[in-house]
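The sequence shown lines up with residues 688 to 1174 when you count with the working numbering.
Positions of the beta carbon are idealized from the N, C-alpha and C atoms, including for glycine.
Predicted model only: the values in this text are computed from it and were never measured.
Notes for the one structure printed next.
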Amino acid sequence: MTMPNRRHVLRAMALAGAAAAVPLPGVPAAADARPAPHAAGPTGPAPTPEPFIRPLLNPPVLRPTFRTPTHDVYRMRIKEADVEVVPGLHTRLWTFDGRFPGPTLLARRGRPVLVEQSNELSVPVTVHLHGAHVRHIDDGYPTDSIAPGASRVYHYPNDQCSATLWYHDHTHMAEAENVYRGLAGTYLIEDEADRRLCLPSGRHDIVLALRDAQFDADGTLVYNGQPFYPTILVNGRPQPYLRVAARRYRLRFLNQANSRIFQLSLGEDQEMVQIGSDGGLLPAPNPVTALPLYPAERADVVVDFSSHPVGSQVLLHNTPNFLPGEPHDILRFDVVADGGRDRSRVPDRLADAEDLGAPVTRREFVLDFDPATGMMTINGKVFDPDRVDITPALDTTELWTVINPDAKLPLPHTFHVHDAQFHVVDRDGRRPSAAESGRKDTIAVNPGESVSFLVRFSEFTGRYVYHCHMLEHSAMGMMGQMELIRS
Ligand code: C2O
Ligand code: CU
Ligand code: CU
688 MTMPNRRHVL RAMALAGAAA AVPLPGVPAA ADARPAPHAA GPTGPAPTPE PFIRPLLNPP
748 VLRPTFRTPT HDVYRMRIKE ADVEVVPGLH TRLWTFDGRF PGPTLLARRG RPVLVEQSNE
808 LSVPVTVHLH GAHVRHIDDG YPTDSIAPGA SRVYHYPNDQ CSATLWYHDH THMAEAENVY
868 RGLAGTYLIE DEADRRLCLP SGRHDIVLAL RDAQFDADGT LVYNGQPFYP TILVNGRPQP
928 YLRVAARRYR LRFLNQANSR IFQLSLGEDQ EMVQIGSDGG LLPAPNPVTA LPLYPAERAD
988 VVVDFSSHPV GSQVLLHNTP NFLPGEPHDI LRFDVVADGG RDRSRVPDRL ADAEDLGAPV
1048 TRREFVLDFD PATGMMTING KVFDPDRVDI TPALDTTELW TVINPDAKLP LPHTFHVHDA
1108 QFHVVDRDGR RPSAAESGRK DTIAVNPGES VSFLVRFSEF TGRYVYHCHM LEHSAMGMMG
1168 QMELIRS
């Protein structure tokens, strides 16, 4: 039993599609430095590029600026850059280090990383490492911004399991636009336990960051606060191809879209073996033919191309589609070489399931839309950085239930908690699927559903947020604040 199953995804997408027709009540107030939001620019929409003419871009793994015996130190510049996203056009983006997506950071468990971020944009930014367990001052709190011209050092202890994390802007009420304009990148944590499993590695381990976007004929990026945009990008390019050998690959899917839900399938219902979710490896491999991925979720899969003859092509599909002209095939794998001796494998057991024990505290979070104000709420309230909503005690297990009422404007949500990975125990009265049996930090909650999970915060006190990761929703208030306290 897979949850959310295909029916749920289809329903959520249909609802989201219907909601798309209702313009979300206003894009968060645009500061002067921001390009004015527009539906379609003077030059009209960009022509649909020919598919599969450019290779997949593998964002470079950033080299540390220097290493000390105990730390890796990076310097990054947050700046504008002109990037050829659509072939032949140049698009002005907001980037980490001039790259789109941002460069990949590769960390080792137990070895801390320092990242100095210099803000060369004319708007404030703040950088959050999604999925990481960090002190609150390093968490990229929404109002803890780096002013234009200033810089700031973030400290990441990397004291957690191997996982696909990502970093992105988190500015109060502007995160949706800032991330859309390009401020996101991947952050991988590796560890010994993962390495010992002999999963596909090195150049057979590939990050595939998915998102959507819209471009005018002159290349201008269009942002209008809508939930969907017609161009699907994989690592910053529409419909790239990737040359592979006929062997196993580890593919790390990451949904970096503001609001779009993906449902991925490969070739003619080829099996993908899911091995990991947001915060690390699953307890056991989970074979699937369809992979739903809500905004900010990650799914690590192993795909075996060895049954495909050299010279064949395998398409990665995204279904269903809900904008006219939107591509159904988003990436093409070209099998160009035989697999040689493939020593990788997928063992039956991947990671130990963590036991968080029985909950001591229970909390409920109702996600809703307030038609009177046009704002998005949690338990009837809009995010206020000056208000603390809950005060979980460290080292205490809590049971959180997130409820999406089947309201007049039914919208899917994707609930994210900072600073900890949680364990789903119940989805709508049923046990979670295998896909949701591992460490999660973001969870789909479709209209009418409720999802419960166990969470336990540790080590660091202070203020953190939890929110819907449909970024237009969080920017419109669907965010709460917790202050972690000593028990
Ligand atoms: Cu991915 Cu609060 O963020
Ligand atoms: Cu986060
Ligand atoms: Cu939401």
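Its Cα nearest to that of G775, the residue G906 stands out among D1055, S832, D825, G906. Taking 8 Å as the cut-off, the Cβ atoms of L743 and Y928 count as close.
Assigned with DSSP and collapsed to three states, Y867 falls in helix. When only Cα atoms are considered, H1160 and M1063 end up about 6 Å apart. Closest by C-alpha distance to E803, out of G836, P829, W781, T778, is G836.
Under the three-state reduction of DSSP output, D881 falls in the helix class. If you ignore the 5 residues before and after C885, its C-beta comes within less than 7 Å of the C-beta of R1030, S1031, R1032, all in its own chain and listed in chain order.
Closer than 7 Å to some heavy atom of ligand 2: that does not describe the Cβ of H1100. When secondary structure is reduced to three states using DSSP, L749 falls in the coil class, being assigned neither helix nor strand.
Residue pairing by DSSP places I919 opposite D899 in a beta bridge.
In the DSSP assignment, H1110 falls within the beta strand (DSSP E) that extends over 1110 to 1114.
Excluding residues up to 5 positions away in sequence, L897, R898, D899, P982 lie with their Cβ nearer than 7 Å to the Cβ of A944 in the same chain. In the structure shown, S888 falls within a coil segment according to DSSP collapsed to helix, strand and coil. Take the alpha-carbon of T1084 and the one of T1048: they are about 7 Å apart. Rounded to whole angstroms, S1139 and D1113 show a C-alpha spacing of 5 Å.
In this structure, the CA atom of F940 is about 10 Å from the CA atom of P979.
DSSP, reduced to helix, strand and coil, places H1004 within a strand of the structure shown. Contact between L938 and I893 holds: their C-beta atoms lie close to 6 Å from each other, under 8 Å.
Membership of S1161 in the alpha helix (DSSP H) is indicated by the continuous run 1158 to 1162.
For H823, the shortest C-beta to heavy atom distance toward ligand 1 is 7 Å or greater. Between the stretch 850 to 861 and the stretch 904 to 920 there are fewer than three C-beta pairs closer than 8 Å, too few to call the two in contact.
The set of residues with any CB-heavy atom separation to ligand 2 below 6 Å comprises, in chain order, H815, H817, H1103, H1105. L1096 counts as exposed, since fewer than 16 other C-beta atoms from the protein chains shown sit within 10 angstroms of its C-beta.
A direct Cα-to-Cα measurement between V760 and E879 gives close to 22 Å.
In the structure shown, the three-state DSSP call for D825 is helix. In this structure, H1160 has its beta carbon less than 7 Å from a heavy atom of ligand 3. Going by C-alpha positions, P914 is about 18 Å away from P925. Comparing alpha-carbon positions, the option among V770, L1037, S832 lying closest to T778 turns out to be V770. Contact between the stretch 964 to 976 and the stretch 1137 to 1157 is absent, with fewer than three C-beta pairs closer than 8 Å.
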